[in-house]
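Just below is one structure, and these are the notes that go with it.
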Amino acid sequence: MNIIFAIATGIMFGLGVFQLLRRDLIKMAMGFYILFTAINFFFLAVGVFDGNVPAYVAPKDDGVSPLYLDNGEVVARDIGMTDNPQPARPSDPLVQALLLTAIVISFGSFALLLGLINVASVRFKTLDSDQVNNLKA
16 MNIIFAIATG
26 IMFGLGVFQL
36 LRRDLIKMAM
46 GFYILFTAIN
56 FFFLAVGVFD
66 GNVPAYVAPK
76 DDGVSPLYLD
86 NGEVVARDIG
96 MTDNPQPARP
106 SDPLVQALLL
116 TAIVISFGSF
126 ALLLGLINVA
136 SVRFKTLDSD
146 QVNNLKA
């Protein structure tokens, strides 16, 4: 499954760069969005859950939370084996925060790009980037 995800992300990245280099401004905007989606998939692949507990854990044993501290070390409570808990590895929360930030930034950048394409198409009456070469008002 990881190989398929990596190949799909690479294909999306290549397709986004290919569309970004087109002359039509709408196809260029679509390539921009595909490229940002591929980058978000890359962040998602890097931040795969690589631990046996969530990123945010409870600091004490309150009978409800799945974690507790044992001599200063975070350990996971195993329901079947409470006498021998396994050391817990929390996953990294930084990747989740970066992914949410990247999604918001890509959405805002795409909205700005569509606004610029709208202004250019109204002003120059074309969507071909070769004909938009006169930057006079």
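Going by the working numbering, the sequence shown opens with residue 16, and the numbers climb by one from there.
Backbone N, C-alpha and C define an ideal beta-carbon position, used for all residues, glycine too.
- Taking C-alpha positions only, Ile54 is separated from Phe28 by approximately 7 Å.
- Out of Gln111, Ala117, Phe57, the CA that lies nearest to the CA of Ile18 is found in Phe57.
- The criterion of a C-beta distance shorter than 9 Å is satisfied by Leu50 and Leu35.
- Rounded to whole angstroms, the separation of the alpha carbons of Ala126 and Phe33 is 21 Å.
- With respect to the 9 Å criterion, Ala23 and Leu129 are not classified as neighbours on the basis of their beta carbons.
- With 16 or more other Cβ atoms from the protein chains shown falling within 10 Å of its own Cβ, Gly31 counts as buried.
- The alpha carbon of Phe20 has as its nearest neighbour, out of Val147, Gln111, Val63, the alpha carbon of Val63.
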